[in-house]
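Enquirer:
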Amino acid sequence: MFAPVFMAGILGHLVGSAVPMCVPTEYTFYVEKQECNYCVAINTTICMGFCFSRDSNMKELVGHRFLFQRSCTYQDLEYRTTVLPGCALHADSYFTYPIALSCHCSIQWFTVALKGPHTFQK
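Going by mature numbering (1 follows the signal peptide of the UniProt record, and there is no 0), the letters in the sequence shown line up with residues -17 to -1, 1 to 105, in that order.
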């Protein structure tokens, strides 16, 4: 009895670690303004990962209930502002950027009649 439970636990751990989740991930981007002398590297976190989606090849037969897409997006975020160095006196040297604190998978249902995605939080 212990062996099947142990194998199920090991299998669950392997599958869980193999499937990437929607999580905050470190990201570096570069900012430069024409009025400033320097290009600045900014380290932040963005939402990235896998969210289960369903897109049927038989859309006409099964209807719209099989047409949805989950995308990895922000759940909680905060904004930080930094000062870009070497800017001219008349230039705006402030740059504000988002930081992902937590992420989740948001559902988008696709309907043919409305011609576009409609987002529902779940």
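Every residue, glycine too, gets a C-beta built ideally from N, C-alpha and C.
Just to confirm before moving on: does the CB-CB distance between Y10 and I25 stay below 7 Å?
Expert: Taking 7 Å as the Cβ cut-off, Y10 and I25 do not qualify as a contacting pair.
Enquirer: With 7 Å set as the bound, which would you pick, yes or no: does the beta-carbon of C34 sit closer than that to a beta-carbon of chain C?
Expert: Looking at the structure shown, chain C is missing, and only one protein chain is on hand.
Enquirer: Ordered along the chain, which non-local residues of its own chain (more than five positions away) have a Cβ less than 7 Å from that of E61?
Expert: Only I82 and L84 meet the Cβ criterion.
Enquirer: Keeping to the same chain, check which residues put their C-beta closer than 6 Å to that of S36; ignore five residues upstream and five downstream.
Expert: Excluding residues within five positions, the ones whose Cβ falls inside 6 Å are Q52 and R53.
Enquirer: Please tell me whether T79 and T56 are closer than 7 Å, where the distance is taken between their beta carbons.
Expert: Not in contact: T79 and T56 (Cβ atoms no closer than 7 Å).
Enquirer: Please report how far the alpha carbon of A71 lies from the alpha carbon of T27, in whole angstroms.
Expert: The straight-line gap from Cα to Cα measures roughly 26 Å.
Enquirer: For Y21, collect the residues of the same chain with a Cβ closer than 8 Å to its Cβ; drop the 5 residues on either side in sequence, then sort them by chain order.
Expert: Result list for Y21: E15, L67, P68 and G69, in chain order.
Enquirer: For S76 and V6, I'd like the C-alpha separation in whole angstroms.
Expert: Rounded to whole angstroms, S76 to V6 spans 31 Å at the Cα level.
Enquirer: Whose CA, out of Q17, C34, T8 and H87, lies closest to the CA of A74?
Expert: When only C-alpha atoms are compared, the closest one is Q17.
Enquirer: Name the DSSP bridge partner or partners of H87?
Expert: In DSSP, H87 forms a bridge with T56.
Enquirer: Beta-carbon within less than 6 Å of G32's beta-carbon, same chain only, minus the 5 sequence neighbours each way: which residues are those?
Expert: Hits under 6 Å: P3, M4, C5, V6 and C55.
Enquirer: For residue 135, which three-state DSSP category applies?
Expert: An answer regarding residue 135 cannot be provided, because it is not within the stretch -17 to 105 covered by the chain.
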